[in-house]
Amino acid sequence: MDDKEEGHVPFSVVELDGGTLVGAATLWGIDNHHRSAHIGLGLLPSARGKGYGTDVVAVLCHYGFVVRGLQRLQIETLSDNFAMLRSAERNGFVREGVMRSSAWVMGEFLDEVLLGLLVQDWKPDLKA
Numbered sequence: 034m035d036d037k038e039e040g041h042v043p044f045s046v047v048e049l050d051g052g053t054l055v056g057a058a059t060l061w062g063i064d065n066h067h068r069s070a071h072i073g074l075g076l077l078p079s080a081r082g083k084g085y086g087t088d089v090v091a092v093l094c095h096y097g098f099v100v101r102g103l104q105r106l107q108i109e110t111l112s113d114n115f116a117m118l119r120s121a122e123r124n125g126f127v128r129e130g131v132m133r134s135s136a137w138v139m140g141e142f143l144d145e146v147l148l149g150l151l152v153q154d155w156k157p158d159l160k161a
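The sequence shown runs 34 to 161 under the numbering used here.
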């Protein structure tokens, strides 16, 4: 972790068994006045489908709410990114809206889903 760049804290995602790097995660757009931030994560293809996404979102929620004292965390993801949607919802994030044609991906506009979680709604061990 290196928080030298204000408003952005990057993390490495490593397997607990062996310490293999399997992705990266970030808390970005940190707004200390409004006490909010965005969550982002990317996993290597070989690491997908193993529950890492849900675990990483849980860790970032802990970091954002407990360590940084934030009020709100937010995730924006493509509407067909079912793994991220599932990871967010397993951690208590609520779908707040769809941003139509907001992402330009490989030559076409795609919808993004906006999800939010407030500290008072956060249940640290939810991950159902």
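Backbone N, C-alpha and C fix where the C-beta goes; we use that ideal spot for every residue, glycine too.
Is there contact here, the region 43 to 50 with the region 63 to 70, by at least three beta-carbon pairs under 8 Å?
-> no
Measure how close the beta-carbons of Asp-144 and Met-132 come, nearest whole angstrom, since I'm counting them as under 8 Å.
-> 7 Å
Per-residue DSSP class, three states only, for Ala-161 | Since pLDDT at Ala-161 reaches only 48, below the 50 mark, its modelled position is unreliable, and the value read off the structure follows with that caveat. In the structure shown, Ala-161 falls within a coil segment according to DSSP collapsed to helix, strand and coil.
Under three-state DSSP, which class holds Asp-36?
-> Any reading at Asp-36 must be qualified, since the residue scores a pLDDT of 47, below 50, and its modelled position is unreliable; the value itself is stated next. Three-state result, Asp-36: coil.
Measuring CB to CB, does Leu-106 end up less than 7 Å from Ala-70?
-> yes
Proximity to Ile-108 [Cα-Cα], best of Ala-91, Gly-82, Glu-39 | Ala-91
Alpha carbon of Met-34 to alpha carbon of Phe-142, nearest angstrom | Per-residue confidence for Met-34 stands at a pLDDT of 48, beneath the threshold of 50, marking its modelled position as unreliable; no derived number is given.
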